[in-house]
Each structure stands twice: as C-alpha cells, then as structure tokens.
Amino acid sequence: MGNIDPEPTVFVVDDDESFRRSVHWLLASVNLKVALFASAQDFLRVIRPGQTGCLVTDVRMPGVSGLELQQMMVERDIHLPVIIMTAHGDVDMAVRAMKDGAMDFLQKPFNDQVFLDLVQKAVDESVRTERQRRRQIELRRRLDQLTPRERQVLDLIVDGHTNRAIAELLTISDKTVEAHRARVMDKTGAKSLAELMKIVMALDLHQGKP
Amino acid sequence: MRVLVLCVLFGLGPFAGPAWSSELSVAIGVLAYRGGENCLKRWSPTARYLSETIAGYTFRILPLTLEEMSIAAERGDVDFILTNTGNYVALEARFGISRLATLRAPGEVAAGNVFGAVIFTRADRRDIQTLADLKGKRFMAVTPRGFGGFQMAWRELKDHGIDPFEDFAELRFSGFPQERVAFAVRDGAVDAGTFRTGSLRSLEAEGKIGLADFRVLNPQHHPGFPFQVSTRLYPEWPFSRLHNTPHDLAQKVAIALLSMPADSPAAQAGFYGGWTVPLDYQPVHELFRELRIGPYEDLGKITVADVFKNYGPWMIVAAVVLALTASWAAWIEFLVARRTRELSLANRELERQVAVRRRVEEVARQRQAELAHAARLNTMGEMASGLAHELNHPLATITNYARGCIRRLRAGEADTTEMLEALENVSGQAERAAELIRSIRDFVRKADRRRQSADLHEIIREVAGLLDLEVQSSGVHVALDLAESAPRVTADVIQVEQAIVNLARNAIEAMNDRPSGQRKLTIATIVNGSGSVEVSVRDTGPGVPEGILGNMFNPFVSTKPGGLGLGLSISRSIVEDHGGRLWVSSSNASGSDIRFTLPIES
C-alpha cells in the first residue's frame, strides 16, 4: 500500500442482495464508508493488506463460506476484524467463528444499536492496530539505520549502563560514547532516554530483541 | 458415486464440512421414460440450479429405467430420486425413500401440483355415455405401467365394474408419444382411450386435434382444477431423498427447490413451473392397493391356482381316496378315515395360511400408514426449520431498513426519495416473508379434502402409540382419561393426530427437568353435551413462563432451546380449520393444561 491511509471501510459480504443493501442503508446513517460484496471471492479480489475498517459477513454463503473466508484472510495477511452474522442461532458455529478469530457473532435479525456499536468498535480497533503496525515498521526502519557500533551502544544504554560504563566496556573514550549516543537519539528520533526505551520496548515486545 | 463420506473424512462439523472440502458430488436418479438423452436435456438445468444454489455440492443427473431405479434405491447408489408418482410410492414402500417437494405443472394453474386422467370417446359416439357402456368396446391407453397413462383410468373402470383386461373387446397400448391415443380415438381405430389430464388441451394448442371432436366420460369436478378429468386427482412427480441421504443436505435441497422461481431456466428446460411443498401420496397407495399392483402386488392374492399349487398333491390324494372308497368301500373304510383325517388337517393348514396372509396384509397396511405418517411429520420438521431460517433474511432486512429510517428521521436528515426507496424495500421484504409463511400454511391445510368420520378416541390411542418410544426414553408416564361415549368427529385424521402429537410433545419436553417419578402426561376427553368434545393435554411440568403466555400461539415463539415455536401455532390452525378452538386452560407451577374442542358429528 502507498503512504496514504485508505479510509476505514465496512466491508459487507452477504449473498442476499436485499439484506446487503439494507445493511448499507443502516451504516450510511452513521456516515461510515461501506463496500458491498455478493461473495467472498469478490471481496478477496479487492481487499489489500493495510486496509482498515471491518468485515461483516454471513456464515453461510454459496462458494466460500464466512468461516472459510476468515481463514483465507489470515493467509493473505489481512487483519480486518470480522463480525460474523447468521440466520441460525447456532452455538457450534458461533464458537467456531470466535475460535478462528472473529470479533463477534450476531444473529439475524439484529438490533441496530448493538450492530452499529460493534462495527464502530471493530473499525476503531482496526485503525488502532494499523497505526501501531505502521509505527513499528517506521521504528524498525529507523533502527536499521544504526551502524553496528551505534547498535551496541544502544543496547548498553537500554540495559541501564552509564556513559562511563559503556566507555569502559567498549574500551573507547567517553567523548566517543557521547557522539554515538547523540547519533542514536537523532536517528531514532527519540527526544529523551525514556522515549528511546519505549521505542526499543515496542519493537522488543513484538519482534524479539533486535 | 457417493462422496459425501468425504465430509466426515475431513473431520469437520456438519456446517463446516461442505465449505472446506472441495465440491461434493451428489447424484439424482431420474426416471428416463423417454430415453437417457431426453432425460439429461430436460433435467440437467435443474441439477445446475441446485449446484449453483447450494454451496459446496455438484449435482448431476443419472438417467435410470424403472428397473435400474429399484436397484439404485435399494443399494443407495444415488442421493436423490425424481420419478413418477406411481414409481415413487413403490420405492417409498420398499426402500423408505421420502419426498421433499412436489413438481408443479407449468403455467398459471392454481392446482398445478395435482393431475388426473381423462377417459374420452369421439363426440359423435351416442352409444357411449358412461364408463359402463365401454364394456365390449376397444380401448387404448398409453402403457400398462403408466400412472396417468393407464392405472388411474383402470381404478375408475374397476369402480364401474369393468376389468380392462377382461371386459374390453380389445385393450391396446399406444406407447409414447401419447398423442397417438387421441388420434386412434378420433380416427375410429379404437372406441375410447385415456391419458393424463391437460393433454387434450395441449394437443389442441399445438393444432393437432380439435377439442370439439371428443367427449369426456365420467366427468369429475374438482374445485380449482382447470382441466376436464374423469378420475380422482393425484399428486405430481415428487423429488425425494433416500433413507440415508444426509438430513442437512436434504433440507438444503428442499429449500432450494421450493424457492425456485416458476420461470427459472431450470423450470423452463424441464417443462415445469417450479416446486411446491410435498403433497400426501396416500391416494396413490389407495389406488395401488385397490388394483393390487405396485407394492401391493403380492398381498392377499390367494387364488384357486395358488391353492392348487400349494395343496395340489393333497387334492389328488383326496381324489384317489374317493375313488378307492367308491370301489372298495367296506374293505378300506379305515383307510378312508385316515385319509379324511389328513385332509382335514390340510384344510386347517389352508385356513391357517389364509389367516396368516390376511394378517400380513393388515400389518403391511398399518406399517404403510405409519410410514406415511412419520414421513409427514419429518418433512414438516424439515420444512419448518428451513423456512424459519429463510424467514430470518427478510426480517433482518426489514429491521435494518426500518431502523435506518428511524435514525435519519431522528437526526433530521431524511431525504424523501431515499426514504421512499427504503420503505418500498420494507414492504417488498414483508411480502417475501408472508409468501414463506403462506407456504407453511398451505402445507398444513393441504389435506382439507380428506375429511372423514372418525372415532376421536381411536385417534388419541393412535397418538399414544406413536409417542410410545419418546415416552419411554424420557421416562414419562402416559394416562388416557377418555369420556365414556366415544365421540365421532369429521376430521382429517392425520392432521388431528398431528395437532395432538404437537401438544403432547410440548408436554413431554416441558417435564424434562422434573424427577422421573413426577412426569405424567394425561390426555383426557370431556363430552359435556354442548355439541363438541373437549380434549385436554395435561403435564406436570413447571408451567408456561409468564412472559410467553400471551403470545405462545404465535409462530416462532418458543421456550425451548432450539425450538421453532411452530408446534402450537400449527396445532391451533389445524383445530381452527376443523371448527374448534385451542386455548391454555391452566398453567401454573404444578403443570399446564392445554385444551381444544372439536365439533361432534350430529
């Protein structure tokens, strides 16, 4: 995807056209951007990683079912929150969908407020996750600009060593440590030690120690 | 052939199965009475329709002859069967196949799912006025095994004292196309003929004959039936499932067929007008029983030839004995006595065998009725659950449009054009829902014309018998508390049974949480001289919850997890159709008492 954030969109996949359009009508009343699809295949043709919003889909559809669609999205690295709808109040299917990562499960017909709240929650969640993902990519990129030496210094800073201790450990002068440290702060864009720690922690948390 | 097993191999649940596995192949055996190619051409679009409508399955047509059909049904080589009414009934009786939907004739015909036969002569044959006049005449039908093409007429002829194999000067069969029968009658090659209803009119439409040249014998009047007809009416071809076809798949197929539009390409290619809820095939059983053909071929047919075949040796012995007696009476008197003893033994044996055969026939008949009954209840369940599912779509759509309208009106951003469009959609979807409900109601009311005088107590005992298994497994004690006089009612027995079964099932389920010693179901009748009989179905369950009491008769209101809420509403519409009413007489913590009335025959 390019740099511009694609607008968060609610993707509705349901084989019943009237129903699909009625969902659109409901979502449009709260000014959410909506895209309708008659089948999972149509949806998969359009969707790209990095898209935000959420997917609202029926479990039972000709071709690819809602549950199956969930799996295909995982394979394609698409992480939209999924809200599963069904005309059956089927507990087994609900359990299955939730296990496979669906965010929630709605029985048709549903209460509009419950539905809209769920969708809003899903969209917010998606935007938040996407922001985080992009931030991590950016931080990662910045960290990758460090030279091996600067990287060593960074690690030692994070481990809580003073400049003096670092100088001794690396057998270099205090001045050189100062210079490395300044470049680390500059390249990572961190304005304080605390911020620097946060950046490293954020990447650690998700990607292991660099 | 059958790859449904794959579903299990994939180790996935019944819902996930078809979606995950690649397409499963489903075979529909279709009676190819006019050759395999014709059959494929006519029915493949229907298979295509099913493949497109039901995800994960590929349906294909397997053209079969009557003989192959029996083999396929017995071995389970196919998953579904589409065959003529007569053949269906035979397969139902022998292999337990059961119908999912009944074919509709094409066009705007109100009674498109039933047909009969027309028996006709040339308009100028003054000597032939009634069926009885056909004795000694030349007659033509389509094929001996044709249901509309011969057997329907046979039944009516038999009722009028004519055995078509004995009493005609000549009985000929035209084969297909059946228009040959009309030509033969018109050209005087035979005196009268028969084929299925509607054929005369379509031949005239094709310009092949003039209706005025023919006169219909034994004309019958069936309300709403548009064609001239000489016989009773019977249901059209059924689409049926085999005994072990997966329930879920059968249900999907039933729904797909029932929701096929009358003008879909599949219906057009097959020369039909879609499908309706399955009809009752009992009248077909009656025909077969009466003619002793099809599944009833071997029943109760004890002829002189049979007797001779089985007891011939004894008869010869008897003859010899008599001869000897005449010649040497005195000398061999002891021998006569002995032989006589043997003969009387043989006679008793013969009587015993006759009795056994009668009993077998009786049991077979009862079994048949039970089967038909069970099939009807099952189909009803299948249909109801499917329709409930289908109903959710229009209801969800309506809800969304309505809520969307409310939101816009509240926010003061309602645009008239937009709102109108939304409301149009609401009413369109409401009609779609109503249409679905209508089909349930039609199904319940289908058998209006089969009312007969019946002993209500007998019906209740029958129901108690039907519930035996359920009652045993759920540890419920059943008590019948029937009035002294046996009230007779004019009723569709199967429907009334259905109504009572529904109430009794509710009662049994309501007692699930009671200790097993405290589960008692009582079915009572009360005759109080008001011209109607009151039936009470009482349980010792926890009573109906307050919140439900007011609307428990509405369809789809249920207190049971997974319950459809159709039982009570179906029972009530049956009772009301019979001129009675149904109500909750009492319901409290110690049990519920649901009652209904039926008018007693005067």
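Quick note, the sequences are listed as chains A and B, same order. The opening position of the first sequence corresponds to residue 0 in numbering that gives the first Met the number 0, with each subsequent residue numbered one higher. The opening position of the second sequence corresponds to residue 0 in numbering that gives the first Met the number 0, with each subsequent residue numbered one higher. Yeah, the Cβ is synthetic: ideal placement off N, Cα and C, and Gly gets one too. Remember, it's a predicted structure, so these values are computed and weren't measured experimentally.
Where residue i falls: helix, strand or coil (DSSP)
i, result
"V184 of chain B", "helix"
"R240 of chain B", "strand"
"M184 of chain A", "helix"
"V335 of chain B", "helix"
"G209 of chain B", "coil"
"Y271 of chain B", "coil"
"D116 of chain A", "helix"
"Q70 of chain A", "helix"
"E169 of chain B", "strand"
"M418 of chain B", "helix"
"V7 of chain B", "Low confidence applies to V7 of chain B: its pLDDT is 34, below 50, so where it sits in the model is not reliable, and the reading given next is rough at best. Three-state result, V7 of chain B: helix."
"D123 of chain A", "helix"
"K208 of chain A", "Any reading at K208 of chain A needs caution, since the residue's pLDDT is 42, under 50, leaving its predicted position unreliable; the model's value is listed next. K208 of chain A falls in the coil class under three-state DSSP."
"D41 of chain A", "helix"
"P5 of chain A", "coil"
"F555 of chain B", "In this prediction, F555 of chain B scores a pLDDT of 49, lower than 50, which makes its location untrustworthy; no coordinate-derived value is stated."
"G95 of chain B", "coil"
"K157 of chain B", "helix"
"M60 of chain A", "coil"
"A204 of chain B", "helix"
"V475 of chain B", "coil"
"L105 of chain A", "strand"
"M200 of chain A", "helix"
"V536 of chain B", "strand"
"V12 of chain A", "strand"
"D592 of chain B", "strand"
"F58 of chain B", "strand"
Where residue i meets chain B, residues with beta-carbon distance less than 8 Å
i, result
"K107 of chain A", "N391, H392, L394, A395"
Contact list for residue i against chain A, beta-carbon separation under 7 Å
i, result
"Q428 of chain B", "S17"
"A255 of chain B", "By Cβ distance, chain A contributes nothing, its closest Cβ being about 10 Å from A255 of chain B, past 7 Å."
Residue j beta carbon less than 8 Å from that of residue i
i, j, result
"T85 of chain A", "K120 of chain A", "no"
"T120 of chain B", "D190 of chain B", "yes"
"V470 of chain B", "V477 of chain B", "yes"
"A104 of chain B", "G115 of chain B", "no"
"G49 of chain A", "E129 of chain A", "yes"
"V276 of chain B", "L248 of chain B", "no"
"I83 of chain A", "C53 of chain A", "no"
"A122 of chain B", "A211 of chain B", "yes"
"A432 of chain B", "V488 of chain B", "no"
"G197 of chain B", "A140 of chain B", "no"
"L202 of chain A", "L105 of chain A", "no"
"E155 of chain B", "T64 of chain B", "no"
"Q150 of chain B", "L286 of chain B", "yes"
"P237 of chain B", "T101 of chain B", "yes"
"A503 of chain B", "I522 of chain B", "yes"
"Q227 of chain B", "L199 of chain B", "yes"
"R338 of chain B", "V316 of chain B", "yes"
"I77 of chain A", "L138 of chain A", "no"
"R594 of chain B", "S535 of chain B", "yes"
Proximal chain A residues relative to residue i, where beta-carbon distance stays under 9 Å
i, result
"A421 of chain B", "S21, W24"
"N424 of chain B", "S17, R20, S21, W24"
"A265 of chain B", "Going along chain A, no residue has its Cβ under 9 Å from A265 of chain B, so there is no contact; the nearest lies around 16 Å."
Integer-rounded CB distance, given that residue j should sit under 8 Å from residue i
i, j, result
"V152 of chain A", "I165 of chain A", "6 Å"
"F194 of chain B", "V180 of chain B", "5 Å"
"L81 of chain B", "I27 of chain B", "6 Å"
"F138 of chain B", "P163 of chain B", "7 Å"
"D538 of chain B", "G590 of chain B", "5 Å"
Between the segment 56-77 of chain A and chain B, which residues of the former have CB atoms less than 8 Å from a CB of the latter, in chain order?
Within the segment 56-77 of chain A, V58, R59, M60, P61, G62, V63, S64, L66, E67 place their CB atoms closer than 8 Å to a CB of chain B, listed in sequence order.
Any C-beta of chain A within less than 7 Å: which residues of the segment 385-417 of chain B qualify?
The segment 385-417 of chain B vs chain A, Cβ under 7 Å: H388, N391, H392, L394, A395, T396, T398, N399, Y400, R402, G403, R406, R407.
With 8 Å as the limit, tell me which residues of the segment 18-47 of chain A have their beta carbon closer than that to any beta carbon of chain B; keep them in chain order.
F18, R20, S21, V22, W24, L25, A27, S28, V29
Contact set between the segment 110-122 of chain A and chain B, restricted to residues whose Cβ is under 7 Å from the partner:
Of all residues in the segment 110-122 of chain A, the ones placed with a Cβ closer than 7 Å to any Cβ belonging to chain B are D111, in chain order.
Where the segment 28-60 of chain B meets chain A: residues whose CB sits under 9 Å from a CB there:
E51, T52, I53, A54, G55
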